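In my numbering, the protein residues as written are 1 to 371.
Built from N, CA and C at the ideal position, the CB exists for glycine as well.
Quick caveat, the model's predicted, so the values are computed rather than measured.
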């Protein structure tokens, strides 16, 4: 019996070794050395908040009624619109949290915003991870606008921003992994994403910026001279210049964030960055070694280094004269991010309140800025 047990263990070890070293990993990992966040953003830590951290009570809107409401926008009717995991787009009353179905995309609606001009004026534009770029009429009718540029089809779209003339800027996060394999995308750490521009008058889509590391959030400058893109896989915000002497070029707007940046938005005097999770020390330790990352990717995802529960918001007061972040940087830590807001993916300021989308939660977070 003992010999049989030893033989069984040996066979299992041989199988495991063959699997680890002979079977190709499900990712093609790239090595890189993450840098530490700057001193202005050393948190967050709910136990010992630094001077730059602000603890906030958060209410949860429509709690238990929504499944992964990752991005939000406000309609002219004063309601909050969001897309859900089951393909529905719903609108939520900001008081009381009543939920009403608005449309069904038959996909996975993510970033969304109403078009202010152009052929699709007053339509809800939607970055759908499954179906592409959509327009939803006030009646709830869904139109597929584009699923590819001139060279290749979309991987999965995440977020969008719309200019004053109706031009749509949208992030295509990855051509290698689907939305449910975002952890594979982060561990792989390759530039599988891009920034797209859709011209609604011509119906054309072009790639503005390629080789991005898991791009998610997107935000236009107030004067529309540039667009910001959050590269979740590199802890940074990249800027692509649309106008002026630097048009067509890109640079780093903000680097070495203390977590995984997602949605971007602009409030009254602040640029908001939603951070899905603080950095994981084990992930940062693995990143320089592509071989180890390949081995880790072969084990079940449930055994991978975990993204830290919760999330937070980075608030940046900008000096517009210098075109970058110059001023106070605050880390806003909602006090209930583990139960209903597991991973903050978007932040939007509407009428003195912040609305927070969530990666795996069941409601929309609401922070009152006047309190």
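Could you tell me which uninterrupted alpha helix (DSSP H) segments, each at least 4 residues in length, are contained entirely in the region 181 to 249, listed from first to last along the chain?
182 to 188
Cβ contact check for the region 98 to 113 and the region 123 to 132: 3 or more pairs under 8 Å
yes
Alpha carbon to alpha carbon, how far is residue 433 from residue 295?
The structure shown does not extend to residue 433, since the chain is modelled only from 1 through 371, so no value can be given for it.
Would you call the CB atoms of residue 168 and residue 115 closer than 9 Å?
Here residue 168 refers to the residue found at position 168 of the chain shown. Here residue 115 refers to the residue found at position 115 of the chain shown. Result yes, Cβ atoms of residue 168 and residue 115 sit closer than 9 Å.
Would you say residue 373 and residue 331 are within 9 Å of each other, going by their C-beta atoms?
Any question about residue 373 goes unanswered here, given that the chain covers just 1 to 371.
How many Å lie between residue 354 and residue 369 at the Cα?
As a first step, residue 354 is located in the chain shown; it is residue number 354 there, counting from the start. As a first step, residue 369 is located in the chain shown; it is residue number 369 there, counting from the start. Whole-angstrom Cα-Cα distance: 7 Å.
For residue 66 versus residue 361, is the C-beta spacing smaller than 9 Å?
Translated into the one-based positions of the chain shown, residue 66 becomes position 66. Translated into the one-based positions of the chain shown, residue 361 becomes position 361. Yes, the pair counts as a contact, with Cβ atoms nearer than the cut-off.
Starting from the Cα of residue 181, find the closest Cα among 317, 37, 302 and give me that residue.
To locate residue 181, count along the chain shown from 1; it is residue 181. Nearest option by C-alpha distance: 302.
Going by CA-CA distance only, name the one from 143, 226, 235, 343 that's closest to residue 34.
Taking the chain shown and counting its residues from 1, one reaches residue 34 at position 34. Nearest of 143, 226, 235, 343 to residue 34, Cα basis: 235.
Between the CA atoms of residue 97 and residue 68 - distance to the nearest angstrom
Taking the first residue of the chain shown as 1, we reach residue 68 at position 68. Taking the first residue of the chain shown as 1, we reach residue 97 at position 97. Their backbone Cα atoms lie some 15 Å apart in a straight line.
Under the DSSP definition of a beta bridge, which residues are partnered with residue 272?
On the chain shown, residue 272 is found 272 positions in, with the first residue counted as 1. Answer by DSSP bridge pairing, in chain order: 265, 315.
Pick from 186, 219, 176, 345 that is closest to residue 280, judged by C-alpha positions
As a first step, residue 280 is located in the chain shown; it is residue number 280 there, counting from the start. Measuring from the Cα of residue 280, the nearest candidate turns out to be 186.
Sub-9 Å separation of residue 205 and residue 196 beta-carbons
In the chain shown, residue 205 corresponds to position 205, counting from 1. In the chain shown, residue 196 corresponds to position 196, counting from 1. Closer than 9 Å, so yes.
Short of 8 Å in beta carbon distance, which residues of its chain neighbour residue 119, apart from the five on each side in sequence? Order them along the chain.
Against the chain shown, residue 119 aligns to sequence position 119. Here the set comprises 166, 200, 201.
By alpha-carbon positions, which one of 183, 339, 143 ends up nearest to residue 260?
Counting from 1 along the chain shown, the entry for residue 260 is found at position 260. Among 183, 339, 143, the Cα nearest to that of residue 260 is on 183.
Since I believe residue 216 is in contact with residue 173 (beta carbons under 8 Å), could you give me their beta-carbon distance rounded to a whole number of angstroms?
As a first step, residue 173 must be located in the chain shown, where it is residue number 173. As a first step, residue 216 must be located in the chain shown, where it is residue number 216. About 6 Å separates the two Cβ atoms, so the contact holds.
Starting from residue 284, trace the alpha helix (DSSP H) both ways and give me its first and last residue.
Taking the chain shown and counting its residues from 1, the one referred to as residue 284 is at position 284. Run containing residue 284: 281 to 286, per the alpha helix (DSSP H) assignment.
Buried or exposed: where does residue 144 fall if 16 or more other Cβ atoms within 10 Å of its Cβ makes it buried?
On the chain shown, position 144 is the one that residue 144 refers to. Exposed, since its Cβ has fewer than 16 Cβ neighbours within 10 Å.
Cα-Cα separation between residue 219 and residue 163, rounded to whole angstroms:
One-based indexing of the chain shown puts residue 219 at position 219. One-based indexing of the chain shown puts residue 163 at position 163. Between residue 219 and residue 163, the C-alpha separation is close to 10 Å.
If you count every other CB in all the chains shown that lies within 10 Å of the CB of residue 156, and 16 or more means buried, which is it?
Within the chain shown, the letter at position 156 stands for residue 156. Counting Cβ neighbours within 10 Å, residue 156 comes out buried, since at least 16 surround it.
I need the straight-line Cα distance from residue 376 to residue 26, nearest angstrom please.
This structure gives no information on residue 376, because the portion of the chain shown stretches from 1 to 371.
When DSSP builds the beta bridges, which residues end up paired with residue 105?
Here residue 105 refers to the residue found at position 105 when the chain shown is read from its first residue. Looking at the DSSP assignment, residue 105 forms no beta bridge with any residue, so it has no partner.
Quick one: residues in its chain with C-beta nearer than 7 Å to the C-beta of residue 138, no 5 flanking neighbours on either side, listed in chain order?
In the chain shown, the residue the question calls residue 138 occupies position 138. Result list for residue 138: 122, in chain order.
Rounded to whole angstroms, what is the Cα-Cα separation between residue 244 and residue 225?
Along the chain shown, one-based indexing puts residue 244 at 244. Along the chain shown, one-based indexing puts residue 225 at 225. In a straight line, the C-alpha of residue 244 is about 7 Å away from that of residue 225.
Could you pull out every residue in the same chain whose Cβ sits closer than 7 Å to the Cβ of residue 136, ignoring the five residues on either side in sequence?
One-based indexing of the chain shown puts residue 136 at position 136. 89, 103, 123, 124, 126, 142, listed in sequence order.
Straight-line Cα distance separating residue 292 from residue 72
To locate residue 72, count along the chain shown from 1; it is residue 72. To locate residue 292, count along the chain shown from 1; it is residue 292. When rounded, the distance between both Cα atoms is 37 Å.
First through last residue of the alpha helix (DSSP H) which encompasses residue 291:
Residue numbering aside, residue 291 sits at position 291 when the chain shown is read from its first letter. Here the alpha helix (DSSP H) through residue 291 covers 290 to 296.
Shortest alpha-carbon distance to residue 431 belongs to which of 100, 93, 84, 101?
Outside the modelled stretch of the chain, which goes from 1 to 371, sits residue 431, for which no answer is possible.
Cβ-based burial, residue 58 [other Cβ within 10 Å; buried from 16]
Translated into the one-based positions of the chain shown, residue 58 becomes position 58. Classification for residue 58: buried.
Residue 381, buried or exposed, once every other Cβ within 10 Å from all chains shown has been counted against 16
Shown here, the chain extends from 1 to 371; a query on residue 381 therefore has no answer.
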